[in-house]
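So the sequence lines, in the order shown, correspond to chains X and R.
For the first sequence, the residue numbers in the working numbering are 2 to 255.
For the second sequence, the residue numbers in the working numbering are 5 to 662.
We put the beta carbon where it would ideally sit given N, CA and C, even for glycine.
Input: a single structure, listed below in structure tokens.
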Amino acid sequence: MEHYTMNLTLKVWKQKNQNTRGHFETYQVKDISSEMSFLEMFDVLNERLIEENREPIAFDHDCREGICGMCSMYINGRPHGPWHGTTTCQLHMRAFKDGDTIVVEPWRANAFPVIKDLMVDRGAFDRIIQAGGYISVNTGSAADANAIPVEKEKADQAFTAAACIGCGACVAACKNSSAMLFVSAKVAQLALLPQGAPEKKSRVLDMIDQMDKEGFGSCTMTGACEAVCPKEISVDNIARLNEQYLSAVLTIDK
Amino acid sequence: MLDSKVPAGPVERKWNDYKGHVKLVNPANKRKLEVIVVGTGLAGASAAATLAELGYRVKAFCFQDSPRRAHSIAAQGGINAAKNYQNDGDSVFRLFYDTLKGGDYRSREANTYRLAEVSANIIDQCVAQGVPFAREYGGLLDNRSFGGVQVKRTFYAAGQTGQQLLLGAYQALERQVALGNVTMYARHEMQDLVIIDGKARGIICRNLITGELERFFGHAVLLCSGGYGNVFYLSTNAMGCNVTAAWKAHKKGAYFANPCYTQIHPTCIPVTGDHQSKLTLMSESLRNDGRIWVPKNQNETRKANDIPEEERDYYLERRYPAFGNLVPRDVASRAAKERCDAGYGVGTTKQAVYLDFRYNLINKYGRAEASRHGIENPDTETLVRLGKEVVKEKYGNLFDMYERITGENPYEVPMRIYPAVHYTMGGLWVDYELMTSIQGLYALGECNFSDHGANRLGASALMQGLADGYFVIPYTIGNYLANEISVKPVPTTHEAFEAAEKAVSDRMNHLMNIKGKQSVETFHKRLGKIMWEKCGMARNEAGLKEGIEEIRALRKEFWNDLKIPGEIKEMNPELDKANRVADFMELGELMCIDALNRTESCGCHFREESQTADGEALRIDDQFQHVSAWEFKGDDNWELHKEHLEFELAKPTQRNYK
Ligand SMILES: Cc1cc2nc3c(=O)[nH]c(=O)nc-3n(C[C@H](O)[C@H](O)[C@H](O)COP(=O)(O)OP(=O)(O)OC[C@H]3O[C@@H](n4cnc5c(N)ncnc54)[C@H](O)[C@@H]3O)c2cc1C
Ligand code: SF4
Ligand code: FES
Numbered sequence: 002m003e004h005y006t007m008n009l010t011l012k013v014w015k016q017k018n019q020n021t022r023g024h025f026e027t028y029q030v031k032d033i034s035s036e037m038s039f040l041e042m043f044d045v046l047n048e049r050l051i052e053e054n055r056e057p058i059a060f061d062h063d064c065r066e067g068i069c070g071m072c073s074m075y076i077n078g079r080p081h082g083p084w085h086g087t088t089t090c091q092l093h094m095r096a097f098k099d100g101d102t103i104v105v106e107p108w109r110a111n112a113f114p115v116i117k118d119l120m121v122d123r124g125a126f127d128r129i130i131q132a133g134g135y136i137s138v139n140t141g142s143a144a145d146a147n148a149i150p151v152e153k154e155k156a157d158q159a160f161t162a163a164a165c166i167g168c169g170a171c172v173a174a175c176k177n178s179s180a181m182l183f184v185s186a187k188v189a190q191l192a193l194l195p196q197g198a199p200e201k202k203s204r205v206l207d208m209i210d211q212m213d214k215e216g217f218g219s220c221t222m223t224g225a226c227e228a229v230c231p232k233e234i235s236v237d238n239i240a241r242l243n244e245q246y247l248s249a250v251l252t253i254d255k
Numbered sequence: 005m006l007d008s009k010v011p012a013g014p015v016e017r018k019w020n021d022y023k024g025h026v027k028l029v030n031p032a033n034k035r036k037l038e039v040i041v042v043g044t045g046l047a048g049a050s051a052a053a054t055l056a057e058l059g060y061r062v063k064a065f066c067f068q069d070s071p072r073r074a075h076s077i078a079a080q081g082g083i084n085a086a087k088n089y090q091n092d093g094d095s096v097f098r099l100f101y102d103t104l105k106g107g108d109y110r111s112r113e114a115n116t117y118r119l120a121e122v123s124a125n126i127i128d129q130c131v132a133q134g135v136p137f138a139r140e141y142g143g144l145l146d147n148r149s150f151g152g153v154q155v156k157r158t159f160y161a162a163g164q165t166g167q168q169l170l171l172g173a174y175q176a177l178e179r180q181v182a183l184g185n186v187t188m189y190a191r192h193e194m195q196d197l198v199i200i201d202g203k204a205r206g207i208i209c210r211n212l213i214t215g216e217l218e219r220f221f222g223h224a225v226l227l228c229s230g231g232y233g234n235v236f237y238l239s240t241n242a243m244g245c246n247v248t249a250a251w252k253a254h255k256k257g258a259y260f261a262n263p264c265y266t267q268i269h270p271t272c273i274p275v276t277g278d279h280q281s282k283l284t285l286m287s288e289s290l291r292n293d294g295r296i297w298v299p300k301n302q303n304e305t306r307k308a309n310d311i312p313e314e315e316r317d318y319y320l321e322r323r324y325p326a327f328g329n330l331v332p333r334d335v336a337s338r339a340a341k342e343r344c345d346a347g348y349g350v351g352t353t354k355q356a357v358y359l360d361f362r363y364n365l366i367n368k369y370g371r372a373e374a375s376r377h378g379i380e381n382p383d384t385e386t387l388v389r390l391g392k393e394v395v396k397e398k399y400g401n402l403f404d405m406y407e408r409i410t411g412e413n414p415y416e417v418p419m420r421i422y423p424a425v426h427y428t429m430g431g432l433w434v435d436y437e438l439m440t441s442i443q444g445l446y447a448l449g450e451c452n453f454s455d456h457g458a459n460r461l462g463a464s465a466l467m468q469g470l471a472d473g474y475f476v477i478p479y480t481i482g483n484y485l486a487n488e489i490s491v492k493p494v495p496t497t498h499e500a501f502e503a504a505e506k507a508v509s510d511r512m513n514h515l516m517n518i519k520g521k522q523s524v525e526t527f528h529k530r531l532g533k534i535m536w537e538k539c540g541m542a543r544n545e546a547g548l549k550e551g552i553e554e555i556r557a558l559r560k561e562f563w564n565d566l567k568i569p570g571e572i573k574e575m576n577p578e579l580d581k582a583n584r585v586a587d588f589m590e591l592g593e594l595m596c597i598d599a600l601n602r603t604e605s606c607g608c609h610f611r612e613e614s615q616t617a618d619g620e621a622l623r624i625d626d627q628f629q630h631v632s633a634w635e636f637k638g639d640d641n642w643e644l645h646k647e648h649l650e651f652e653l654a655k656p657t658q659r660n661y662k
């Protein structure tokens with residue numbers, strides 16, 4: 002793999018806190034190596050800003066391995082940037098070339114208020130899980146793990162849905178700011194497993210209810226979420242959720 | 005004076021006897037007791053959820069924006085349990101023995117045995133929560149092998165085991181939040197411990213959004229704040245991992261045990277340049293199917309695939325025929341360093357070895373699939389195609405990650421890997437009940453020192469974190485809290501809270517007012533470099549002494565020339581980092597002191613002065629069969645306490661993986 006260096010223009014959203022208005026600021030960065038990750042490029046820029054007595058740019062990140070779901074940048078009009086199935090932290094600078102201009106914004110959705118610069122508050126996702134994204138089993142009450150065999154295909158599908166990292170890119174990409182892909186991934190995972198069966202009706206109803214309360218929009222099946230999801234969560238899960246939802250609405254005794 | 009409180013009786017019976025006799029707190033009284041849980045990774049989330057289920061009032065804290073993002077999420081390979089589902093001879097004893105031997109006989113036998121004992125319950129619990137472990141065609145759970153053992157006992161969910169286990173614990177935690185039994189404080193970082201009348205009674209936190217300091221009371225405090233590998237700057241840990249919570253407790257009286265035991269993981273993506281912010285692990289599970297080699301020629305210039313079979317040195321298989329590529333991590337790491345230092349390294353920096361999947365892809369998986377599909381005499385191309393599908397299912401996300409980072413396709417060319425800092429076996433000293441040397445202060449998960457001795461075996465950290473949280477603390481904490489039921493919550497206006505908060509506030513003001521020229525990052529990088537060179541994979545007396553001096557000088561410079569932009573009372577990630585690095589500076593010194601004091605080699609701690617003729621680690625049991633627990637006595641000053649280690653079931657022998 003050939004390595005190269007590049008000079009870039011960055012237009013980055015700056016916003017002091019939730020109560021102030023933000024604006025774009027322009028920065029020039031030089032001698033960026035194609036081997037760097039996108040966030041390492043931000044590290045380089047921030048170090049320079051500190052040196053020049055200017056405010057560094059605040060952004061969320063932690064694992065830098067594409068698994069914690071903390072990083073969240075809207076890069077050139079696309080959550081997590083140009084690479085398919087890739088989080089911001091795993092995007093590398095070889096995706097860009099010398100002279101490029103890159104526009105970086107936070108996730109934009111009413112349910113995700115900006116905290117500072119590129120950081121948003123995704124507490125709404127935790128509250129959706131609180132509404133029913135679990136199996137109610139207290140510690141110590143479980144039967145032997147092999148007591149209930151699970152069809153491999155179902156188990157694999159459940160795993161694929163469970164791979165969601167809760168990053169919120171699906172919401173950021175959706176013109177309605179719907180959280181349907183996120184919610185459906187959890188509903189589908191638990192519905193596919195026999196362990197999840199007893200609570201399947203209340204789970205889907207309560208999670209959808211909470212999603213609405215948080216101010217996420219409704220799903221019009223544009224598929225924008227699936228296209229940007231770094232874990233390639235499929236919209237098939239939304240179909241599974243709809244099925245669950247309908248059957249729950251029709252049969253639940255409240 | 006160091007009382008480990010290990011119960012009497014035979015090792016196999018201790019935990020059962022303990023559980024049968026431990027004091028209990030009745031449900032009505034549990035409602036009156038408040039427990040603080042700092043950290044919501046596997047250890048913290050499982051503890052917080054379980055204690056809340058039992059009826060305690062729990063307050064849980066993490067510095068990320070959600071408990072679901074703790075560093076445990078990044079664990080890839082798997083979790084051990086003595087289920088013997090494979091019928092390959094596994095048992096509680098064998099898991100215990102492997103873990104103890106892997107730790108080079110430097111762990112507490114009773115703790116390690118208990119860990120093996122509760123391991124099976126963990127898998128049951130996780131499956132009941134809906135954790136989607138890998139399964140076989142018959143619908144039962146699948147297992148893989150990990151280093152240092154000869155049975156298959158590792159449960160996994162592709163290369164995302166930590167994620168799935170953490171989400172299980174996180175969901176259990178969120179359920180308790182919804183029920184009102186846990187109050188969750190995300191983006192809160194513990195800055196100090198509050199002690200009243202010798203007992204841990206609360207914490208001071210910085211609200212990372214507003215920058216305000218906040219006070220919290222608890223009848224007991226649990227630290228589940230993870231490991232301190234980031235003292236090396238470059239490690240496989242997440243960027244935010246830090247020692248602050250444990251260090252603050254240490255400075256208030258909790259002993260720090262075996263700080264020099266740091267695990268260097270053999271298979272990580274090599275460093276590419278100065279811009280590097282972290283290192284990425286390629287799971288140990290890859291050593292199931294990958295063969296490690298370097299060219300037989302020094303300074304080889306040909307591409308990996310152009311080097312013929314007979315000119316490759318599969319040095320682990322050559323040196324350790326019994327365990328081959330599956331030797332424990334410390335052994336594999338040193339062997340890689342040895343080859344690279346001797347001039348056989350590969351890649352541009354020559355600080356890398358190959359991890360090659362082609363052999364198993366074709367011969368193991370390709371052939372098995374061909375035979376399953378009834379393809380007779382398959383050609384290589386077919387075998388590669390079929391094998392790839394299996395390898396993709398097992399390790400797909402890791403291969404993708406490797407390609408994203410390096411731009412190379414590991415299905416076609418071997419991975420380049422090199423050892424990197426990964427895990428810290430050292431941590432707060434705890435007794436059998438997981439209580440530190442401060443009354444009412446507990447440490448769970450990677451943050452304590454307890455179960456792994458001088459080297460942790462793969463897939464055992466997840467096991468330990470969940471064992472501590474789900475199955476140990478719920479029993480042991482009752483033994484303490486049973487005596488606390490009449491203690492009324494202390495108002496946070498108490499003078500001890502005042503004083504603790506003031507100390508935190510003073511330090512922050514001090515840091516902000518240095519107004520020097522260098523950023524936190526530059527100091528952290530320099531500290532990391534000293535640690536890696538002087539207290540890394542191989543250590544010696546002269547180097548460690550230099551290390552201590554260099555760290556002291558660097559610390560002085562830090563407190564005189566640090567530059568932090570912004571304000572205190574606002575979100576300020578640079579200030580947060582400065583706080584953490586200030587603590588790393590002090591810890592680094594203690595690590596070197598501990599490494600200097602332990603003149604033997606054991607597990608990951610390799611003192612060049614103590615090795616066998618063929619370069620293996622040489623333990624000195626008559627002098628060092630103890631835990632080194634350090635008591636903080638003031639700046640640059642520690643007192644050593646020793647906990648002698650007794651072995652009843654497994655008598656120490658020199659480890660042999662040949
Ligand atoms: C890349 C990688 C792969 C791994 N793979 C495996 C594997 O396959 N198998 C295995 O067994 N082990 C593996 N490990 C090791 C294992 O993941 C960790 O040891 C384990 O997850 C640690 O869990 P924990 O709960 O102790 O801490 P963590 O998960 O690190 O959680 C720490 C918690 O403490 C909080 N915290 C820290 N400081 C503060 C503070 N001051 N105030 C408030 N909150 C704080 C954090 O927010 C977080 O919630 C791996 C480790 C790495 C780095
Ligand atoms: S569904 Fe995909 S995009 Fe949405 S939160 Fe989960 S991982 Fe992120
Ligand atoms: S930083 Fe964890 S997913 Fe990007």
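query	result
With a threshold of 8 Å on Cβ separation, who are the neighbours of R:I126 within its own chain once the five nearest residues in sequence on each side are excluded?	I83, A85, M467, L470, A471, Y474 and F475
Residues in the stretch 149 to 168 of chain R with C-beta within 9 Å of chain X's C-beta atoms, listed in sequence order?	F159, A161, A162, Q164, G166, Q167 and Q168
Quick check: R:L217 and R:V41, are their CB atoms within less than 8 Å of each other?	no
Check whether the Cβ of X:S203 lies closer than 8 Å to any Cβ atom in chain R.	no
Which of the three DSSP states, helix, strand or coil, is assigned to R:Q133?	helix
Within the 8 Å Cβ cut-off, does R:S523 reach chain X?	yes
Below 8 Å on C-beta distance, what does X:K98 contact in chain R?	Near X:K98 there are no residues of chain R at all, since even the closest Cβ is about 15 Å away, more than 8 Å.
Nearest to R:G222 by CA position, among R:Q154, R:I268 and R:F65, is which residue?	R:F65
Would you say the beta carbon of X:I166 comes nearer than 7 Å to a heavy atom of ligand 2?	yes
What does the Cβ neighbour count give for X:V229, buried or exposed, with the cut at 16 atoms within 10 Å?	buried
Would you call R:L330 buried or exposed, if buried means 16 or more other Cβ atoms sit within 10 Å of its Cβ?	buried
Taking all protein chains shown into account, do 16 or more other C-beta atoms lie within 10 angstroms of the C-beta of R:S441, making it buried, or fewer, making it exposed?	buried
Could you check where the alpha helix (DSSP H) with X:T102 kicks off and where it finishes?	No alpha helix (DSSP H) contains X:T102, which is instead part of the beta strand (DSSP E) from T102 to E106.
To the nearest whole angstrom, what separates the beta carbons of X:D210 and X:A96, a pair I think is in contact under 8 Å?	Incorrect: roughly 40 Å between the Cβ atoms, too far for contact.
For the beta strand (DSSP E) containing X:Q7, name the first residue and the last one.	Per the sequence presented here, residue 7 of chain X reads as Met, with Gln not at that position. Taken as a continuous stretch (DSSP letters only), the beta strand (DSSP E) holding X:M7 covers T6 to K15.
Does X:K117 have its Cβ less than 8 Å from a Cβ in chain R?	yes
So, for R:V29: in the same chain, excluding its five sequence neighbours on each side, which residues have a beta-carbon less than 8 Å away from its beta-carbon?	L37, G482, L485, A486 and I489
Check the Cβ of R:I127 against every Cβ in chain X and list those closer than 8 Å, keeping chain order.	A146
Run through the DSSP bridge pairs and tell me what R:T158 is partnered with.	R:N84 and R:R148
Which residue marks the beginning of the beta strand (DSSP E) containing R:M419, and which one marks its end?	M419 to T428
Out of R:G430, R:Y101 and R:F361, state which residue places its alpha-carbon closest to the alpha-carbon of R:K396.	R:F361
Would you say the beta carbon of R:R210 comes nearer than 7 Å to a heavy atom of ligand 3?	no
Measure the CB-CB distance between X:A162 and R:V131 and report whether it falls below 8 Å.	no
Beta-carbon separation of R:G81 and R:G462 under 8 Å?	yes
Going by alpha carbons, who is nearest to R:Y324 out of R:E620, R:G347 and R:V15?	R:E620
R:A578 versus chain X: which residues are under 8 Å apart at the beta carbon?	For the record, residue 578 of chain R in the displayed sequence is Glu; it is not Ala. Near R:E578 (Cβ distances below 8 Å), the residues of chain X are I51 and P57.
Which of the three DSSP states is assigned to R:I481 in this structure?	helix
Can you list the residues of chain X that R:R73 reaches, using a CB-CB cut of under 7 Å?	D63, C69, G70 and M71
Using the beta-carbon of each residue, which ones in chain R are nearer than 7 Å to X:P199?	What X:P199 touches in chain R: nothing, since even the nearest Cβ is about 11 Å away.
Between the stretch 20 to 54 of chain X and chain R, which residues of the former have CB atoms less than 9 Å from a CB of the latter, in chain order?	I33, S34, S35, E36, M37, S38, L40, E41, M42, D44, V45, N47, E48, L50, I51, E52 and N54
Report yes if the C-beta distance between R:L402 and R:G163 is below 8 Å; otherwise report no.	yes
Contact defined as beta carbons within less than 8 Å: I believe R:R623 pairs with R:S605. What is the distance between those atoms, to the nearest angstrom?	7 Å
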